[in-house]
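Counted the way my numbering counts, the sequence shown spans residues 2 to 375. Structure first, commentary second.
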Amino acid sequence: MFREFQPEAVGVDIGLLGKATDLFFEASIGIASWHDALDVFARGGGAAGANVMPIRAQVPGSIEFTHNAREMTEFYLRHELYKTCVRARGIPALERKGIMTDKDCATEEEYRTDPYYQEFLRPHGFFYGAYVGINIENDLYAVLLNRGLGDAPFSDEEQAILHRFRNQMSVAGTVARKLAHAKIEAMHDAFDLMDVAGLFFDRAGNIIRVNAKAETMLTHGVNLKQGRISTARGGDGARVKAAACDAILNPGGTVNGDGLVRLARDGRRDLVLKIQRLRGNLLDVFNTGWAIGILVDPDENRRPGDLRVARALFGLTGTEAKIAGLLATGKELSHVADVCNVTYETARTHLRAIFAKTDTSKQGQLIALLNKLN
């Protein structure tokens with residue numbers, strides 16, 4: 002039977018909530034972890050666990066969580082529960098009030114019968130929740146507090162206290178967003194310097210930025226409007242969005258197949274677009290940019306072995322690019338080491354780094370990838 006006991010009142014700790022908002026600021030500039038800030042906020046809110054996440058277009062990497070909520074969050078994303086989550090009904094209340102609880106989205110009967118409560122939350126040790134809204138530019142995020150089994154739902158008084166911390170958390174999130182913008186700006190400038198055409202995608206697979214080189218290539222029937230590419234060939238735009246979403250949804254940063262999309266042009270050969278998910282310290286829960294696309298014009302005159310695209314896309318160093326280029330011609334690693342005037346062991350070390358950055362494991366795979374890019 003559902004709830005064979007009276008739920009236990011928990012209460013909130015204003016001191017811990019205040020400490021948590023300080024940690025949110027520290028996390029926003031990278032001197033504390035979101036996990037630690039959320040741990041303190043969860044304790045302050047009388048919750049067993051917490052997440053911070055965008056309300057729309059949730060993808061791997063876009064949700065930070067307390068240490069004990071990892072398994073639950075991974076399950077949530079793996080099974081795409083955001084598509085059927087009963088709590089989504091409460092989004093209008095969250096937008097209107099700045100806070101939302103299960104009372105805004107479900108009935109007592111649904112607590113007992115809905116799979117979200119009985120097959121997802123309960124087996125992971127959580128139940129009643131409260132979403133504290135965070136407004137960041139035009140994006141809505143929330144800190145979700147989940148209470149443990151047997152704990153009482155959030156009272157009106159507790160909700161009022163949590164609501165008081167919204168502004169501080171919104172400012173922290175805005176700071177994190179601005180720092181994320183700065184990283185994208187730096188990549189944008191790097192692509193310009195290297196004469197590489199770059200496009201940037203948000204977590205929903207829409208194009209949010211293109212650099213000057215890419216703009217010059219969006220001609221001859223290739224158009225960009227409201228974040229979507231279109232060409233005279235039906236389906237090209239949909240394939241771009243699908244490839245971007247595939248890349249973003251894959252935590253490894255690769256897409257199904259080779260990640261290449263061809264864009265039809267009038268009177269010219271197709272443009273080739275390679276899409277890759279951002280990784281490592283380029284990602285943050287409050288990012289706007291989640292994937293990059295490198296646009297290549299096969300009609301453009303380039304030197305044989307030109308690896309500008311590979312360097313920009315995979316972050317290869319100059320030495321790594323030189324070694325990769327020589328390997329792509331079919332040369333043995335020992336010969337490459339001699340040409341580069343390094344020891345064989347040093348060349349092997351560079352090769353391991355190249356494999357890691359390009360997500361390949363054999364010379365044949367590397368050659369195939371570089372040939373497609375060039």
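All C-beta atoms, glycine included, are put in the ideal place defined by N, C-alpha and C. Remember, it's a predicted structure, so these values are computed and weren't measured experimentally.
Checklist entry - Relative to the alpha-carbon of residue 38, which residue among 46, 202, 23 has its alpha-carbon at the smallest distance? => result It is 23.
Item to check | Cβ-based burial, residue 132 [other Cβ within 10 Å; buried from 16] | outcome: Counting of Cβ neighbours within 10 angstroms places residue 132 among the buried residues, the total reaching 16 or more.
Item to check | Inter-residue spacing [alpha-carbon to alpha-carbon] between residue 173 and residue 237 | outcome: So the alpha carbons of these two residues sit roughly 39 Å apart.
Item to check | Distance, residue 70 Cα to residue 309 Cα | outcome: Distance between the alpha carbons of residue 309 and residue 70: 41 Å.
Item to check | Cβ-Cβ separation, residue 176 to residue 53 (assumed contact under 8 Å), whole Å | outcome: With a Cβ gap of about 14 Å, residue 53 and residue 176 do not count as contacting.
Item to check | Where residue 352 falls, given that 16 or more other Cβ within 10 Å makes a residue buried | outcome: Around the beta carbon of residue 352, 16 or more other beta carbons lie within 10 angstroms, which makes this residue buried.
Next on the checklist: Please identify the residue among 92, 114, 98, 251 whose C-alpha is closest to the C-alpha of residue 106.
Outcome noted: Checked all of 92, 114, 98, 251; the closest Cα to residue 106 is 92.
Next on the checklist: Taking only three categories from DSSP, how would you classify residue 202?
Outcome noted: Secondary structure at residue 202: strand, using DSSP grouped into helix, strand and coil.
Checklist entry - So, is residue 99 buried or exposed, given that buried needs 16 or more other C-beta atoms within 10 angstroms? => result Buried, since its Cβ has 16 or more Cβ neighbours within 10 Å.
Checklist entry - alpha helix (DSSP H) containing residue 218: first to last residue? => result That run of the alpha helix (DSSP H) goes 213 to 218.
Item to check | Beta-bridge pairing of residue 278 - partner residues as DSSP gives them | outcome: Paired residues: 292.
Next on the checklist: With a threshold of 7 Å between beta-carbons, can residue 25 be considered close to chain D, or not?
Outcome noted: The displayed structure is made up of one protein chain only, and chain D is not part of it.
Checklist entry - Are the beta-carbon atoms of residue 35 and residue 72 separated by less than 7 Å? => result No, Cβ-Cβ distance for residue 35 and residue 72 is not below 7 Å.
Checklist entry - What residues are listed by DSSP as bridge partners for residue 226? => result In the DSSP output, where bridge partners are listed per residue, residue 226 has 229.
Item to check | As assigned by DSSP and simplified to three states, the class of residue 136 | outcome: Residue 136 sits in a strand when the DSSP states are folded into three classes.
Item to check | Range of the contiguous beta strand (DSSP E) that encloses residue 359 | outcome: No beta strand (DSSP E) contains residue 359, which is instead part of the alpha helix (DSSP H) from 345 to 359.
Next on the checklist: Report the start-end ranges of each alpha helix (DSSP H) in the segment 18 to 74 that is 4 residues or longer and not cut off at the edges.
Outcome noted: The segment 18 to 74 contains these whole alpha helix (DSSP H) runs: 35 to 45.
Checklist entry - For the candidate residues 116, 17, 247, 68, whose alpha-carbon lies nearest to that of residue 203? => result Residue 247 is the option with its Cα nearest to residue 203.
Next on the checklist: Is it buried or exposed, residue 212, if we count other Cβ atoms within 10 angstroms and call 16 or more buried?
Outcome noted: Counting Cβ neighbours within 10 Å, residue 212 comes out buried, since at least 16 surround it.
Checklist entry - Can you find at least 3 beta carbon pairs, one from the segment 310 to 327 and one from the segment 362 to 373, that sit closer than 8 Å? => result Contact holds: three or more Cβ-Cβ distances are below 8 Å.
Item to check | Same chain only: Cβ atoms within 6 Å of residue 225, ignoring 5 sequence neighbours per side | outcome: 219.
Item to check | Backbone CA spacing between residue 157 and residue 129 [nearest angstrom] | outcome: The straight-line gap from Cα to Cα measures roughly 14 Å.
Checklist entry - Distance, Cα to Cα, residue 101 vs residue 362? => result Spanning the two alpha carbons is a distance of roughly 48 Å.
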